[in-house]
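*Asks:* First, the structure itself, so that you have it in front of you.
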């Protein structure tokens, strides 16, 4: 049986905000603690998704795909890096 380590977060909020949060939690049929955790996690996921997503214009997307399909020849620095790590590169037969 594995144990999950838990942390506690303590904060102070105005009474009116607490009342609003309690009402929302009650309407969703959950506890205030669970409501706060779910709301905070949902917002954190939204922020992180925005930071981890790259949105390209159609023109930029076409450029990226074109470079993937037709890469430029390797420059000297890339050749040197490949020579230092031959285990990652092999000639196709």
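Residue numbers (the numbering used here): 4 to 96.
Glycine included, each C-beta is placed from N, C-alpha and C at the ideal position.
1) Are residue 24 and residue 38 close, meaning C-beta to C-beta below 8 Å?
2) Quick one: what does DSSP say residue 40 is sitting in, helix, strand or coil?
3) Rounded to whole angstroms, how far is the Cβ of residue 42 from the Cβ of residue 35, which I believe are closer than 8 Å?
4) Suppose contacts are defined by Cβ-Cβ distances below 8 Å. Is residue 85 in contact with residue 92 by that definition?
*Replies:* Taking the structure as given:
1) Locating residue 24 in the chain shown gives position 21, counting from the first residue. Locating residue 38 in the chain shown gives position 35, counting from the first residue. Taking 8 Å as the Cβ cut-off, residue 24 and residue 38 qualify as a contacting pair.
2) In the chain shown, the residue the question calls residue 40 occupies position 37. Note: residue 40 maps to helix in three-state DSSP.
3) Your numbering for residue 42 matches position 39 in the chain shown. Your numbering for residue 35 matches position 32 in the chain shown. Actually they do not touch by this definition, with Cβ atoms about 10 Å apart.
4) In the chain shown, residue 85 corresponds to position 82, counting from 1. In the chain shown, residue 92 corresponds to position 89, counting from 1. Yes; because the gap between Cβ atoms is below 8 Å, this pair is in contact.
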